[in-house]
Amino acid sequence: MHFADNGWLQVSYLGTEPPKLNYILPESKDMKYEEMEAEHQRLLSRILANEQDEKTEPDFTLSISTEMDTVEEADEYIDDPENIYAKREGATNPIRIKCKFILNYNGEEVKNLMVNIIIPDHCEVDKKVFSYKILNFGGQSDYSEIFYIYPRNDYFPVSNEVVISASYMSTRSAGGVDLRTA
Amino acid sequence: MALSCKIIAPSNLKNTNKITIVTDKDAAEINGFFEDVIAQLGVREICTTPNVMSFMYHNGVIVTVLISKNAGKFRIQSSSFDALGYIVQELVKRINIVYSDDVKIDLQDSIPLHELFISIDDHFELREKIFKGKQKLEDRSYQFRIVEKRLINRFKDKNPTPLNNLDFLLNQTYQDMMNIANEILEDQKELKTASQNLSSRIRMIQILLKQKFKISDESFELLKHHLSADIHDFDE
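Respectively, the protein sequence lines represent chains A and B.
Numbering follows this note's numbering, in which position 149 of the first sequence is assigned residue number 149; successive positions increment by one, without gaps.
Numbering follows this note's numbering, in which position 217 of the second sequence is assigned residue number 217; successive positions increment by one, without gaps.
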């Protein structure tokens, strides 16, 4: 079974054994077509209503941009008992890259904001999750946080991809909230 | 790339693992493909050779990229096969960027499937070893609980029977449990490395297959889903 990151679910069967399914025929009974039609219409109207609701564009949107600095040597003590962090020759502190994510929001405040940082396996990050109960932008559209990525010295790199994603509750002008992702 | 490796002076170490990529473009200077990395690492002074560049991963393994002077051939070589994947991936990406996708990239040798199969076997063996270790640990913990129960019963007894070396057995079982748990921890570390290596090899094979057989982007996405490089070593 394979579940791809874009939502594809694939079930494969490898083998030569024929399927041993026992087919059970349903007992025959009179179908109530009118009731079925009514049920169908009721469900269809709910689906359509939901679809319309989803198409509503949010009043306020949050976007994320990033900045990445050059490689530097950490200027503070980093606990490394297993000696897994990459260091420059003769240096005691590990090397790291200073990164910054900038949140841009055109509304006043966001609630239950959670920013997740996913890094490749050959790196460590000093903070993986940034969470805020309420983040008030107070007239400013930008809010930024700094985090550091530390490369490890025990794995071969496989990818460079650093993924930053955010989920938050955004208020609607018509009332209510939406769960949004950025 | 600065996260993964550094650029060093061209290395002449013995390289037993090689992959040659052939393009239909004329020879170019290697610095042009890694301009951003040179700037980010601040190593312009050591990048003076136009057709050679060496990268050193943080684990000390070196990969060298050589460009042929006459034709657009790139040779990626290293002492470790697992080290090739990342640079091959980066190089192919950068060749496409530099030539704005207007380039034919081919592979001179055959797809290194043998190395992939070795990596799959290594990974599988480690998984099996951990599985057996966990079963052994389960047996020992069961034995430990049984002996402990018997000892407690005797302790509560008003007229206890002799211990019959039960205390020795308890100590021995405890030691066994600790040893097996430590072995499992070591194996899990090895498994993580094996997973990384396998993932790296699969990614490289994916890219080589795409270039060699001119697979379209859509088909390449399908290939990536079927030959996935995401290795998850969780318990099923």
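Where is the CB? At the ideal position from N, CA and C, for every residue including glycine.
It should be emphasised that the depicted structure is a prediction, and the values quoted were computed from it without experimental measurement.
- The C-alpha of B:His225 lies about 60 Å from the C-alpha of B:Asn164.
- Within the DSSP secondary-structure output, A:Glu108 pairs in no beta bridge.
- In this structure, the CA atom of B:Met178 is about 53 Å from the CA atom of B:Asp106.
- Among the residues of the region 32-64 of chain B, those with a Cβ less than 9 Å away from any Cβ of chain A are Ala39, Gln40, Leu41, Gly42, Tyr57, His58, Asn59, Gly60, Val61, in the order of the chain.
- A Cβ-Cβ separation of about 5 Å places B:Met56 in contact with B:Ile62 under the 8 Å criterion.
- Residue contact check for A:Asn106 against chain B: no CB pair falls below 7 Å.
- B:Phe168 counts as exposed, since fewer than 16 other beta carbons sit within 10 angstroms of its beta carbon.
- Three or more pairs of CB atoms, one per stretch, sit closer than 8 Å, so the region 85-92 of chain B contacts the region 152-161 of chain A.
- Under a criterion of Cβ atoms nearer than 8 Å, no residue of chain B is adjacent to A:Asp80; the nearest Cβ is some 13 Å distant.
- Beta-bridge annotation (DSSP): A:Asn116 is paired with A:Val129, A:Ser165.
- For A:Phe147, the enclosing beta strand (DSSP E) has its first and last residue at 142-151.
- Counting the other Cβ atoms within 10 Å of the Cβ of B:His232 gives fewer than 16, which makes it exposed.
- When DSSP states are grouped into helix, strand and coil, A:Thr61 belongs to the coil group.
- Annotated as proximal: A:Asn153 and B:His58, with beta-carbon spacing under 7 Å.
- Listed along the chain, the chain B residues whose CB falls inside 9 Å of the CB of A:Ala4 are Glu221, Lys224, His225, Ser228.
- Contacts with chain A at 7 Å (Cβ-Cβ) do not include B:Gln188.
- Looking from the CA of B:Ser4, the closest CA among A:Tyr85, A:Arg46, A:Phe130, A:Thr66 belongs to A:Tyr85.
- If you draw a straight line from the Cα of B:Phe81 to the Cα of B:Arg203, it is about 13 Å long.
- Judged by their CB atoms, A:Asp126 and A:Tyr105 are not nearer to each other than the 7 Å cut-off.
- If you draw a 10 Å sphere on the C-beta of A:Tyr77, you find fewer than 16 other C-beta atoms in it, and that means exposed.
- In the displayed model, A:Leu9 falls within a strand according to three-state DSSP.
- With 16 or more other Cβ atoms inside 10 Å of its own Cβ, B:Ile21 counts as buried.
- For B:Gly72, the number of other beta carbons within 10 angstroms of its own is at least 16, and it is reported as buried.
- Put simply, the CB of B:Ser199 is near chain A, with a gap under 7 Å to one of its CB atoms.
- B:Ala229 has its alpha-carbon roughly 15 Å from the corresponding atom of B:Ile118.
- Bridge partners of A:Phe101 according to DSSP: A:Thr66, A:Glu145.
- Boundaries of the alpha helix (DSSP H) harbouring B:Gln40: 35-41, taken from the DSSP string.
- Between B:Ile184 and B:Ile130, the C-beta gap is smaller than 7 Å, which places the two residues in contact.
- Residue burial is scored here from C-beta neighbours: A:Val163 has fewer than 16 other C-beta atoms within 10 angstroms and is therefore classed as exposed.
- Here the alpha carbon of A:Arg96 sits roughly 6 Å from the alpha carbon of A:Ala74.
- Contact between the region 121-141 of chain B and the region 35-53 of chain B is absent: fewer than three C-beta pairs spanning the two stretches fall below 8 Å.
- Among the residues facing chain A, B:Asp157 is not included, as its CB has no counterpart in that chain under 7 Å away.
- Counting along the chain, the unbroken alpha helix (DSSP H) around B:Met178 starts and ends at 166-212.
- Restricting attention to beta strand (DSSP E) runs no shorter than 3 residues, the region 42-101 of chain B encloses them at 52-57, 62-67, 73-78, ordered along the chain.
- A distance below 7 Å separates the beta carbons of A:Phe60 and A:Ser170.
- Around the beta carbon of B:Phe213, a 10 Å sphere encloses fewer than 16 other beta carbons of the protein chains shown; the residue is thus reported as exposed.
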